[in-house]
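Single-structure report; data block below.
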């Protein structure tokens, strides 16, 4: 059976009522079994669970060989440029702790494969109670720009270790408060932030001169569409609402 | 039923044939279940499994409230100075990755409670195959001095972070090769190494002057036995077989 990411999301919510299920992890050895109460395990096994789900429901997919980059699943086995599904999971009582991708690999990948921008992120916000009952508190289906934002000093929220840029990290897209760093509104603004970061990151700075034109050519070649990417300086105010307001900034970062 | 640590060990080996069992970890959510293949989970759940085992076999115990210090279980609920059982587990395909205790807490604890030196360590060496089958490759019952050794520059194998002494770490007691750092032969040599480390560690150096006499008094008060603790300088050669042999030393450390 061929389903889109959105149809899988709808099926999980409506047919399987995933938000009402109660799961658990059990360890068996000999005639003793115990309930495993380690919260951090859940995030790592949801992807495997979804694969079991696709199998059991007879939904077509091909697992990806590359675990470093999205997607996890090709829902269109014959055409790997469409129906790309990435699975993420995080403890709903904390902030989203997953990575989007390594920044440097990502900025190269989206030139190579502009359809990577169309990956659907199926995101599980789980909870594990003190007695080990696992529930899915939220399920989202999102595009990459809907779950990313800028950060202090950078156009994209990045994990930076010892002054070296590593992973692109998600924002808190479900926050209801007035966020100082809202998610991007559209693909074009996200691309603008990526270009700005290519420029700003010492390791990619030398590629910045023609990064945008290379990207636009590749995107047009694939989709037949000429995107219009705004200049980061023209939109940065929208996404960085606390320029100069250090106090406020510190509180939420 | 009242059993000693040794009797529990024997029961696991002989009655339950624990070395022949095949276990697994499963995650259930809805009508889908998957086998969890995360090796690092096992180490953290063996202690809970053993508690389930003690319950199921009707073996008396009281769980300890203090998870920072040994023991995990009191097998003699009325007398918490005897029948102390600590459970450890590690991936048998790697080195023992568990901690014995925080050094500073430990050197104080064994003066306060010299019977802590009589804790039995029940140690599970587990394996998880690529398809998630958990087996116990080895089970040991050991005293603390049988699983500890010295290290380069220190009389006890320590985890040192930014020049600060943290945890006491086990050696590889089951290694068959000619170890440069053999385990201690007896309680007395282990105590000598602890005293030397109290002296050597800047954070405990000021306590070193009367540490040994305080320990000996407390031990005698509890057991009615005057221990004879050798001077570390007199025994260090036995435990540090590669003094001056830096090349060999680097290879195994």
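Chains as they are written, first to last, in this note's numbering: chain A, 1 to 253; chain B, 1001 to 1253.
Beta carbons: idealized from backbone N, C-alpha and C, even for Gly.
Note to self: Given this structure, state the Cα-to-Cα distance separating residue 162 (chain A) from residue 1112 (chain B), to the nearest angstrom.
What the structure shows: Numbered from its first residue, the first chain carries residue 162 (chain A) at position 162. Numbered from its first residue, the second chain carries residue 1112 (chain B) at position 112. Answer to the nearest angstrom: the Cα atoms are 43 Å apart.
Next item on the list: Report buried or exposed for residue 96 (chain A), applying the criterion of at least 16 other Cβ atoms within 10 angstroms of its Cβ.
Entry: The residue you call residue 96 (chain A) lines up with position 96 of the first chain. Buried, because 16 or more other Cβ atoms sit within 10 Å of the Cβ of residue 96 (chain A).
Next item on the list: Determine the DSSP secondary structure at residue 252 (chain A), reduced to helix, strand or coil.
Entry: Along the first chain, read from residue 1 onward, the residue named residue 252 (chain A) stands at position 252. Only weak support is given to the placement of residue 252 (chain A): the predicted model assigns it a pLDDT of 42, under 50, and the value that follows is read from those uncertain coordinates. Residue 252 (chain A): helix per DSSP, three-state reduction.
Note to self: At the level of alpha carbons, what is the spacing between residue 1024 (chain B) and residue 1055 (chain B)?
What the structure shows: The count along the second chain starts at 1 and reaches residue 1024 (chain B) at position 24. The count along the second chain starts at 1 and reaches residue 1055 (chain B) at position 55. Going from the Cα of residue 1024 (chain B) to the Cα of residue 1055 (chain B) covers about 20 Å.
Item checked: Straight-line Cα distance separating residue 1241 (chain B) from residue 1153 (chain B) -> The sequence position of residue 1153 (chain B) within the second chain is 153, counting from 1. The sequence position of residue 1241 (chain B) within the second chain is 241, counting from 1. In a straight line, the C-alpha of residue 1153 (chain B) is about 12 Å away from that of residue 1241 (chain B).
Item checked: Nearest-angstrom beta carbon gap, residue 184 (chain A) and residue 145 (chain A) [assumed within contact, 8 Å] -> On the first chain, residue 145 (chain A) is found 145 positions in, with the first residue counted as 1. On the first chain, residue 184 (chain A) is found 184 positions in, with the first residue counted as 1. The pair is a contact, with the Cβ atoms about 4 Å apart (cut-off 8 Å).
Notebook entry, point to check: Applying a beta-carbon distance threshold of less than 7 Å, which residues of chain A neighbour residue 1048 (chain B)?
Noted result: Within the second chain, residue 1048 (chain B) is the residue found at index 48, counting from 1. Chain A residues near residue 1048 (chain B): 34.
Checklist line | Integer Cβ distance of residue 1075 (chain B) from residue 1061 (chain B), believed to fall under 8 Å | finding: Here the question's residue 1075 (chain B) lines up with position 75 in the second chain. Here the question's residue 1061 (chain B) lines up with position 61 in the second chain. Between residue 1061 (chain B) and residue 1075 (chain B) the Cβ distance is about 6 Å, and since that is below 8 Å, they are a contact.
Next item on the list: With a 10 Å radius around its C-beta and 16 neighbouring C-beta atoms as the bar for buried, classify residue 1133 (chain B) as buried or exposed.
Entry: Here residue 1133 (chain B) corresponds to residue number 133 of the second chain, with the count starting at 1. Looking at its Cβ environment, which holds fewer than 16 other Cβ atoms inside 10 Å, residue 1133 (chain B) is exposed.
Note to self: Output needed in chain order: residues of the region 1129 to 1151 of chain B with a Cβ under 7 Å from some Cβ in chain A.
What the structure shows: The residues in question are 1134.
Checklist line | residue 1081 (chain B), DSSP secondary structure in three states | finding: Taking the second chain and counting its residues from 1, the one referred to as residue 1081 (chain B) is at position 81. Reduced to three states, the DSSP call for residue 1081 (chain B) is coil.
Next item on the list: Pull up the distance between the alpha-carbon of residue 1065 (chain B) and that of residue 157 (chain A), whole angstroms please.
Entry: The count along the second chain starts at 1 and reaches residue 1065 (chain B) at position 65. The count along the first chain starts at 1 and reaches residue 157 (chain A) at position 157. Spanning the alpha carbons of residue 1065 (chain B) and residue 157 (chain A) requires a straight line of approximately 42 Å.
Notebook entry, point to check: Which bits of chain A does residue 1045 (chain B) rub up against, with CB to CB less than 8 Å?
Noted result: Against the second chain, residue 1045 (chain B) aligns to sequence position 45. Those within 8 Å of residue 1045 (chain B) in chain A are 27, 34, 36 and 38.
Margin query: Counting only beta-carbon separations shorter than 8 Å, does residue 1018 (chain B) have a partner in chain A?
Written below: Along the second chain, read from residue 1 onward, the residue named residue 1018 (chain B) stands at position 18. Cβ-Cβ to chain A under 8 Å: yes for residue 1018 (chain B).
Item checked: is_contact[residue 1023 (chain B), chain A] using C-beta, thresh 8 Å -> As a working note, residue 1023 (chain B) is residue 23 in the second chain. Closer than 8 Å: yes.
Checklist line | Ordered list of beta strand (DSSP E) runs contained in the region 30 to 96 of chain A, each at least 3 residues | finding: 32 to 35 and 84 to 91
Item checked: Coarse secondary structure for residue 1130 (chain B), derived from DSSP in three states -> Taking the second chain and counting its residues from 1, the one referred to as residue 1130 (chain B) is at position 130. It is coil, neither helix nor strand.
Next item on the list: In the DSSP assignment, find the unbroken alpha helix (DSSP H) run with residue 187 (chain A) in it and report its ends.
Entry: What you label residue 187 (chain A) is simply residue 187 of the first chain in a count that begins at 1. In the DSSP assignment, residue 187 (chain A) falls within the unbroken alpha helix (DSSP H) covering 187 to 200.
Notebook entry, point to check: Between A:187, A:193 and A:135, which lies nearest to residue 237 (chain A) when the distance is taken from Cα to Cα?
Noted result: One-based indexing of the first chain puts residue 237 (chain A) at position 237. Comparing Cα-Cα distances from residue 237 (chain A) to each of A:187, A:193 and A:135, the minimum goes to A:193.
Check: So what's residue 1224 (chain B) in DSSP terms, helix, strand or just coil?
Finding: Here residue 1224 (chain B) refers to the residue found at position 224 when the second chain is read from its first residue. Residue 1224 (chain B): coil per DSSP, three-state reduction.
Note to self: Quick check on the DSSP output: the beta strand (DSSP E) that includes residue 262 (chain A) runs from which residue to which?
What the structure shows: Residue 262 (chain A) lies beyond the residue range present for chain A, which begins at 1 and ends at 253; the question has no answer from this structure.
Checklist line | Test item: CB-CB of residue 45 (chain A) and residue 1036 (chain B) under 8 Å | finding: Indexing the first chain from 1 puts residue 45 (chain A) at position 45. Indexing the second chain from 1 puts residue 1036 (chain B) at position 36. For residue 45 (chain A) and residue 1036 (chain B), yes; Cβs fall inside 8 Å.
Check: Hey, does residue 102 (chain A) have any beta-carbon neighbour from chain B nearer than 8 Å?
Finding: As a working note, residue 102 (chain A) is residue 102 in the first chain. Cβ-Cβ to chain B under 8 Å: no for residue 102 (chain A).
Margin query: Can you tell me which residues form a DSSP beta bridge with residue 1151 (chain B)?
Written below: In the second chain, counting from the first residue as 1, residue 1151 (chain B) sits at position 151. DSSP, once it has assigned bridges, lists B:1154 as partnering residue 1151 (chain B).
Next item on the list: Along the alpha helix (DSSP H) that carries residue 168 (chain A), what are the first and last residues, could you check?
Entry: Locating residue 168 (chain A) in the first chain gives position 168, counting from the first residue. Here residue 168 (chain A) belongs to no alpha helix (DSSP H); instead the beta strand (DSSP E) covers 164 to 168.
Next item on the list: From the DSSP output, in three-state form, read off residue 1098 (chain B) for me.
Entry: Here the question's residue 1098 (chain B) lines up with position 98 in the second chain. Coil at residue 1098 (chain B), not helix or strand.
Margin query: Determine, for residue 1056 (chain B), whether the minimum Cβ-Cβ distance to residues of chain A falls below 8 Å.
Written below: In the second chain, the residue the question calls residue 1056 (chain B) occupies position 56. Yes, residue 1056 (chain B) counts as interfacial toward chain A.
Notebook entry, point to check: Just curious, the alpha helix (DSSP H) that residue 1104 (chain B) is in, first and last residue?
Noted result: Within the second chain, the letter at position 104 stands for residue 1104 (chain B). Looking at the DSSP string, the run of the alpha helix (DSSP H) that includes residue 1104 (chain B) is 1103 to 1112.
Notebook entry, point to check: Within 8 Å (strictly less), CB to CB, does residue 1097 (chain B) reach chain A?
Noted result: As a working mapping, residue 1097 (chain B) is identified with position 97 in the second chain. No - not a single Cβ of chain A is within 8 Å of the one on residue 1097 (chain B).
Check: Ordered along the chain, which non-local residues of its own chain (more than five positions away) have a Cβ less than 8 Å from that of residue 126 (chain A)?
Finding: Residue 126 (chain A) sits at position 126 when you count from the first residue of the first chain. Spatial neighbours of residue 126 (chain A) in its own chain (CB-CB distance under 8 Å, excluding positions within 5 residues in sequence) are listed in chain order as 42, 43, 46, 89, 90, 91, 92, 134, 135, 136 and 137.
Notebook entry, point to check: Taking any Cβ of chain A, which residues in the region 1180 to 1193 of chain B have a Cβ under 8 Å from it, in chain order?
Noted result: none
Item checked: Residues that DSSP places opposite residue 1180 (chain B) in a beta bridge -> Indexing the second chain from 1 puts residue 1180 (chain B) at position 180. DSSP, once it has assigned bridges, lists no residue as partnering residue 1180 (chain B).
Check: Secondary structure at residue 1117 (chain B), three-state DSSP: helix, strand or coil?
Finding: Position 117 of the second chain, counted from the first residue, corresponds to residue 1117 (chain B). DSSP places residue 1117 (chain B) in helix when its eight states are reduced to three.
Notebook entry, point to check: Looking only at C-alpha atoms, which of A:205, A:201 and A:195 sits nearest to residue 229 (chain A)?
Noted result: Here residue 229 (chain A) is taken as the residue at index 229 of the first chain, counted from 1. Comparing Cα positions, the closest option is A:195.
Check: Is it right to say residue 1094 (chain B) is buried, meaning 16 or more other beta carbons lie within 10 angstroms of its own, or is it exposed?
Finding: Within the second chain, residue 1094 (chain B) is the residue found at index 94, counting from 1. Flag for residue 1094 (chain B) reads exposed.
Check: Taking the C-alpha atoms as reference points, what is the distance between residue 1180 (chain B) and residue 1239 (chain B)?
Finding: On the second chain, position 180 is the one that residue 1180 (chain B) refers to. On the second chain, position 239 is the one that residue 1239 (chain B) refers to. Cα to Cα, residue 1180 (chain B) sits roughly 8 Å from residue 1239 (chain B).
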